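Trainee:
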Amino acid sequence: MREGGVRGAAVIFFGALAFYAATAYPGVAPRDGMDLGYAARTLTLAHAPGYPLYAIAGKAWGTALGLGEFSYRLNLLSAAGGAGAAALASLCAGGPGGWAGAAALAVSAPLWKFSLLQEKYSWHALIAAALFLLSRGPGSTRGRRLALSGLLLGLGLVNHQTLLLLIPALAILWRGRVDRPASAALFVLIGLGPMLMLWIRLGGLPEAWAMATRAQYGTFELHPAFARPWSAELAAAELGFFFGRLPSAVGWPVLLLAALGTSEFWTRNRREGAAWAAAFFCAGPVFLLLSRFDPSHWVAASALEPCFLIPVLALCVAAGHGGSFLLERIGARGEMTGIFAAVLALALAGWGGARSAPRLDRREDFSAYDYSRDLDRSLPPGAALVAGGDTARFGLRYRWLDRGNRGRLLAGSDGRLGPEWAASQLRARPLFAVGLSARALEGMGLWGNPFHLSPEGLVQAVRPVPGWERDRASWERLALRRPPDGGPEGRDSYLRDVLFSYAFAHYLSGQIHEVLAAEGPPYARSSRHYMEAGSLDPLEYRVEMETFR
């Protein structure tokens, strides 16, 4: 590994880290980010498969860093992972064009997004790049590199299980070079060690196994709620979604350089080229086909966003090779090679940054914070809340770490909660509901007699007798600003999640007025809520209208 390449990688790392730190979320992010943040702060488990490595690393990092609010420290942990992935990509690409590939990766839409918030995905890309880099080197260091690769593979599988899809690429890289496979397997098992936290926290091996294998999601399904039966139409839609989004993920200049780099791989290093191609297709199109998700649904499309990380990493490494080929063709020599390489890297970084930056404007840094604060203010002390949606449940739980829950009870909307549970809560405390569809409310006995819902803001109050205590719904959006002009499909998925939560609350209040209160013409109350729901997220509002009316 050349000294100049290491120095260049260091420059890329600190430059990308400063860039990510400047654009990072200042606080919590919606959905899974708040769950992972809670797990790291309390050294507990997140949703299946638990993500114990993130909890352990996040707790250690957040405690040692001592800079700002804990969630911001976790955002900086993601920034460090993304910066490391970009730096290692420059070493994987090698040559003078490696800087260009690393710059393109740093400002690519997938890596940029997941380097700004408390998530595990930027470290997923970092570990993948490290595994490729460790496959190189002289024979004298092969044993040590293989042992470290096994350890990283185990840790990477704890970080995110989709690293399994990188196995075909690693098999290509190490084919015929593994002298002691048992030793490598031992280091993989050592890397899997953080999974023992599941056993410790859950108190039993069957429970730990169910968590590790994601039994509640069906183990071999990404999420059963969004999975569809196999069909040629679904496969075409998934492949169209993937290849249609690649240009917006990296940009056409990077794709053109990657095409040049692929040709260079084929002529100069077919083994490594084949490995990167396997990583691209297995982590991208193959993963989408296995998920059986319908990407036309925005929630499903949002869940598929991380599948672009490894393919984009592969494209940017190939683009680095393409950049080196381009610099050779224009006859750059000596110091001019470094100058031209730096100019190319800055051009790609500037162009890609300008292309991806508008997405940050739509992100609205405090959207998740505002939503959880609004929910918190809507609940009186000692109340119980039955919540649907990760943003509500995870957000309140994380917020109560700092603010305290004031004796309140937060319950999910799973099948264990029925009319008996609702009746028992009402005898003991005020009961509220948030984010639950009419169908879910009916299953809990909250849609109609003997209880009625009152549309009083973000949360609906459960009343044991008919009638409303207020004539008008009061809504607090506080600092949540209206999004820029443009359709909902153009908004960042994290912001859409929060906007839809507000829109759904308005929609349900319209349903309550129209159905339970038997509101007649001119339907003033229900119409007001329907219009507000439509203005916040018109696309999903139409979907809900089709579903429930």
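The numbering used here applies: residue 62 is where the sequence shown begins, and numbers increase by one. Backbone N, C-alpha and C fix where the C-beta goes; we use that ideal spot for every residue, glycine too. Given the structure is predicted, the values throughout are model-derived calculations rather than measurements.
(1) Under three-state DSSP, which class holds F354?
(2) Could you give the distance in angstroms between the alpha-carbon of A269 and the alpha-carbon of L387?
(3) Pull up the DSSP beta-bridge partners for R524, would you.
(4) When you compare only the Cα positions, how much space is there between G381 and H108?
(5) Rounded to whole angstroms, what's the CA-CA distance from L214 to R205? Just pull it up for me.
(6) Name the DSSP beta bridge partners of L446, please?
(7) So A298 packs on S363, CB below 8 Å; how close in whole Å?
(8) Within 10 Å of its beta-carbon, does A71 have 16 or more other beta-carbons around it, so buried, or fewer, so exposed?
(9) Looking only at C-alpha atoms, which of A189, K120, Y430 sits nearest to I228?
(10) My output table needs one value for H590: the three-state DSSP class, helix, strand or coil.
(11) Determine the DSSP secondary structure at A288, reduced to helix, strand or coil.
(12) Give a single yes or no on whether G98 has its beta carbon closer than 8 Å to a heavy atom of the ligand SAH.
(13) For the stretch 496-503 against the stretch 447-456, do three or more pairs of beta-carbon atoms, one drawn from each stretch, fall closer than 8 Å, so that the two count as touching?
(14) Using a threshold of 9 Å, state whether the C-beta atoms of F354 and F287 are closer than that.
(15) Check whether the stretch 156-172 touches the stretch 367-377, counting contact only when three or more Cβ pairs, one atom from each stretch, lie closer than 8 Å.
(16) Taking the alpha-carbon positions, what's the P242 to F175 distance?
(17) Buried or exposed for R460, please, with buried defined as at least 16 other CB atoms from any protein chain shown within 10 angstroms of its CB.
(18) Rank K120, Q179, A101, L78 by C-alpha distance to the C-alpha of G88 and give the top, closest one.
(19) Count the other C-beta atoms from every protein chain shown that fall within 10 angstroms of the C-beta of G456, then say buried if there are 16 or more, exposed otherwise.
(20) What first and last residue would you give for the alpha helix (DSSP H) that runs through K120?
(21) Report the three-state DSSP secondary structure of S633 (helix, strand or coil).
(22) By a C-beta neighbour count over all protein chains shown, 10 Å radius and 16 as the cutoff for buried, is M592 buried or exposed?
(23) Where does G528 land, buried or exposed, given buried means 16+ other C-beta within 10 angstroms?
(24) Thinking C-beta only, is Y432 closer than 9 Å to S562?
(25) Do you know whose CA, among T103, P157, P91, V239, lies nearest F131's CA?
(26) Do you know whose CA, among A296, V347, T323, lies nearest L226's CA?
(27) I'd like the ranges of any beta strand (DSSP E) spanning at least 3 consecutive residues and lying wholly in the stretch 269-357.
(28) Determine the contact status of L128 and L138, defining contact as a CB-CB distance below 9 Å.
(29) Residue range of the alpha helix (DSSP H) that L234 falls in?
(30) Excluding the five sequence neighbours on either side, which residues of its own chain have a C-beta within less than 8 Å of the C-beta of R524, listed in chain order?
(31) Could you say which of F303, T328, S169, L318 lies nearest to S352 if we only look at CA atoms?
(32) Leaving aside the five residues before and after V373 along the sequence, list all residues of the same chain whose C-beta is less than 6 Å from its C-beta, in chain order.
(33) Using CA atoms only, rank isn't needed, just tell me which of R275, A501, A585, A445 is closest to A522.
(34) Using the Cβ count rule (16 or more neighbours within 10 Å means buried), how would you classify W337?
(35) Buried or exposed for E325, please, with buried defined as at least 16 other CB atoms from any protein chain shown within 10 angstroms of its CB.
(36) Since I believe A147 is in contact with A77 (beta carbons under 8 Å), could you give me their beta-carbon distance rounded to a whole number of angstroms?
Mentor: Quick look at the numbers:
(1) As a position in the sequence shown, residue 354 is number 293, starting the count at 1. Residue state, collapsed to three classes: strand.
(2) Counting from one through the sequence shown, the residue named residue 269 turns up at place 208. Counting from one through the sequence shown, the residue named residue 387 turns up at place 326. Taking the straight line from one Cα to the other gives about 52 Å.
(3) As a position in the sequence shown, residue 524 is number 463, starting the count at 1. Among the bridge pairs identified by DSSP, R524 is matched with H513.
(4) Taking the sequence shown and counting its residues from 1, one reaches residue 381 at position 320. Taking the sequence shown and counting its residues from 1, one reaches residue 108 at position 47. Between G381 and H108, the C-alpha separation is close to 37 Å.
(5) For this step, residue 214 is matched to residue 153 along the sequence shown. For this step, residue 205 is matched to residue 144 along the sequence shown. Their Cα atoms are separated by approximately 14 Å.
(6) Here residue 446 refers to the residue found at position 385 when the sequence shown is read from its first residue. Paired residue(s): L471, F493.
(7) Residue 298 sits at position 237 when you count from the first residue of the sequence shown. Residue 363 sits at position 302 when you count from the first residue of the sequence shown. That belief does not hold up - the Cβ atoms of A298 and S363 are roughly 16 Å apart, past 8 Å.
(8) What you label residue 71 is simply residue 10 of the sequence shown in a count that begins at 1. Exposed is the call here.
(9) Position 167 of the sequence shown, counted from the start, is the residue given in the question as residue 228. Checked all of A189, K120, Y430; the closest Cα to I228 is A189.
(10) Taking the first residue of the sequence shown as position 1, residue 590 is located at position 529. Residue state, collapsed to three classes: helix.
(11) Indexing the sequence shown from 1 puts residue 288 at position 227. Looking at A288 - three-state DSSP - the assignment turns out to be strand.
(12) This structure does not include the ligand SAH; it has no bound ligands of any sort.
(13) Per the Cβ contact rule, the stretch 496-503 is in contact with the stretch 447-456 (3 or more Cβ pairs under 8 Å).
(14) Along the sequence shown, read from residue 1 onward, the residue named residue 354 stands at position 293. Along the sequence shown, read from residue 1 onward, the residue named residue 287 stands at position 226. The Cβ-Cβ distance between F354 and F287 falls below 9 Å.
(15) Short answer: they touch.
(16) Within the sequence shown, numbered from 1, the residue matching residue 242 stands at position 181. Within the sequence shown, numbered from 1, the residue matching residue 175 stands at position 114. So the alpha carbons of these two residues sit roughly 34 Å apart.
(17) As a first step, residue 460 must be located in the sequence shown, where it is residue number 399. With at least 16 other beta carbons inside 10 angstroms of its own, R460 counts as buried.
(18) Within the sequence shown, the letter at position 27 stands for residue 88. Measuring from the Cα of G88, the nearest candidate turns out to be Q179.
(19) The count along the sequence shown starts at 1 and reaches residue 456 at position 395. Buried is the call here.
(20) As a working note, residue 120 is residue 59 in the sequence shown. According to the DSSP assignment, K120 belongs to the alpha helix (DSSP H) that extends over 113-126.
(21) Because the chain spans 62 through 610 in this model, residue 633 falls outside it and cannot be assessed.
(22) Here the question's residue 592 lines up with position 531 in the sequence shown. With fewer than 16 other Cβ atoms within 10 Å, it is exposed.
(23) Within the sequence shown, the letter at position 467 stands for residue 528. Because G528 sits at a pLDDT of 49, beneath the cut-off of 50, its placement in the model cannot be relied upon, and the following sentence gives the value as read from the coordinates. Under this definition G528 is an exposed residue.
(24) Working through the sequence shown from its first residue, we reach residue 562 at position 501. Working through the sequence shown from its first residue, we reach residue 432 at position 371. Going by beta carbons, S562 and Y432 fall inside the 9 Å limit.
(25) Within the sequence shown, numbered from 1, the residue matching residue 131 stands at position 70. Minimum Cα-Cα distance from F131 among the listed residues T103, P157, P91, V239 corresponds to T103.
(26) Counting from 1 along the sequence shown, the entry for residue 226 is found at position 165. Between L226 and the set A296, V347, T323, the nearest pair of CA atoms involves V347.
(27) Counting whole runs of 3 or more residues, the stretch 269-357 contains no beta strand (DSSP E) stretch at all.
(28) Sequence index remark: in the sequence shown, residue 128 carries index 67 (1-based). Sequence index remark: in the sequence shown, residue 138 carries index 77 (1-based). Result no, Cβ atoms of L128 and L138 do not sit closer than 9 Å.
(29) Along the sequence shown, read from residue 1 onward, the residue named residue 234 stands at position 173. 228-235 is the extent of the alpha helix (DSSP H) around L234.
(30) As a working mapping, residue 524 is identified with position 463 in the sequence shown. Cβ within range, chain order: F512, H513, L514, S515, E530.
(31) Here residue 352 is taken as the residue at index 291 of the sequence shown, counted from 1. Here the closest residue by C-alpha is F303.
(32) The residue labelled residue 373 in the question sits at position 312 within the sequence shown. If we look at V373 and ignore the five residues flanking it on each side, its Cβ neighbours are S169, P171, A310, V311.
(33) As a working note, residue 522 is residue 461 in the sequence shown. Taking the Cα of A522 as reference, the smallest distance to any Cα among R275, A501, A585, A445 is reached at A445.
(34) One-based indexing of the sequence shown puts residue 337 at position 276. Per the 10 Å Cβ criterion, buried.
(35) The count along the sequence shown starts at 1 and reaches residue 325 at position 264. By the neighbour-count rule (16 or more Cβ atoms within 10 Å), E325 is buried.
(36) Indexing the sequence shown from 1 puts residue 77 at position 16. Indexing the sequence shown from 1 puts residue 147 at position 86. In this structure A77 touches A147 by the C-beta definition: roughly 5 Å separates them, less than 8 Å.
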